[in-house]
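As C-alpha cells, the structure follows; a few thoughts come after it.
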Amino acid sequence: MEKKITPSELELNEFIKIINEMSGIDLTDKKNILALKLNKFLEGTNTKNFSEFLGKLKSNRQLKQETLDFVTIGETYFLRELAQLKEIIYYAKSLEKRVNILSAPCSSGEEVYSLALLAAQNFIKDMYILGVDINSSVIEKAKLGKYQGRTLQRLSESEKRRFFLESEDKFYTINKNELCTCKFELCNVFEE
C-alpha cells in the first residue's frame, strides 16, 4: 500500500510560492483542492515526504515540468471569449498587412485555432499565430489538432465541416489547409 504524502500548511504555502515563482500562476485560492490532488500526484514522484519533494522540485528539471503539467490542467473550448477574439480579428483586418499574434498561455490550441478560423471567415490570409504554454502535454495536443466534440460546442455544423475532419471515433481534427499558419511551442515566460 502506498504511503500518503500530505503537506503541512507551511509546506503547501511553500509549494504555492514555488509554483508562482516558476510560472506566475497563483494557486492560493485553490489551496484546499490542491492539497487533495497532490497526494495522487506525489505517488509517482518517488519521494518519502513533502519536504523532500520540495527540495527535488527546485533542482530537477523533469519534475518541474511534470509539476507544471499537473497544476495547469484546465478546460477550454472553441470560440471561448468570442467578443474578444472578434476584436482581435477586426483589428488585424484593419492593418492590411501581415499580422503576428502570440497566444499565451494557449492550452491545447482552441484559442489559436479559433482565431485562425475567424481570420479565414474574414478573408485574412496573411496571419501567423504562435501559441505557447508551460504544459508540455497540452502543447502536444495542440500540435495534433485533434479534439472531442464537446470542445466544438459553439461551432455551427458548417464551421465543423469546413474547418475539421471528423473521424469514426467522433474526434475532430483541424483542417490546417483552411487556416493561416499556426505553430505551438513549449515556453515558460518566467524562465530565463
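Position one of the sequence shown corresponds to residue 1 (the UniProt record's numbering), numbered consecutively onward.
The C-beta atom is built at its ideal place from N, Cα and C for all residues, glycine as well.
Here the structure is a predicted model, which means the values were calculated and not measured.
Limits of the unbroken beta strand (DSSP E) element including lysine 141:
Mapped onto the sequence shown, residue 141 falls at position 141. Unbroken run through lysine 141 is the alpha helix (DSSP H), 136–144; no beta strand (DSSP E).
Apart from the five residues just before and just after threonine 28, which ones in its own chain have a Cβ nearer than 8 Å to its Cβ?
Here residue 28 refers to the residue found at position 28 of the sequence shown. Ile16, listed in sequence order.
Can you list, in chain order, the residues of its chain whose CB lies under 8 Å from that of asparagine 20, leaving out five sequence neighbours each side?
Reading the sequence shown from its first residue, position 20 is the one you call residue 20. Closer than 8 Å at Cβ, skipping near neighbours: Asp26, Leu27.
Taking just the CA atoms, how far does lysine 146 sit from asparagine 188?
The count along the sequence shown starts at 1 and reaches residue 188 at position 188. The count along the sequence shown starts at 1 and reaches residue 146 at position 146. Cα to Cα, asparagine 188 sits roughly 24 Å from lysine 146.
Ignoring anything shorter than 3 residues, give me the beta strand (DSSP E) runs that lie fully in the stretch 77–113, in order along the chain.
99–103
Give me whichever residues DSSP pairs with glutamate 185 in a beta bridge.
For this step, residue 185 is matched to residue 185 along the sequence shown. Answer is Val132, bridged to glutamate 185.
Determine which residues share a DSSP beta bridge with phenylalanine 164 and list them.
In the sequence shown, the residue the question calls residue 164 occupies position 164. Phenylalanine 164 is bridged to Ile174.
Whose C-beta lies closer than 6 Å to the C-beta of methionine 1 among residues of the same chain, with five residues either side of it excluded?
Residue numbering aside, residue 1 sits at position 1 when the sequence shown is read from its first letter. Interpretation of methionine 1 is limited by its pLDDT of 43, a score under 50 that renders its predicted location unreliable; no figure is taken from the coordinates.
Determine the direct distance from the alpha carbon of lysine 48 to that of glycine 24, and round the result to whole angstroms.
Position 24 of the sequence shown, counted from the first residue, corresponds to residue 24. Position 48 of the sequence shown, counted from the first residue, corresponds to residue 48. So the alpha carbons of these two residues sit roughly 28 Å apart.
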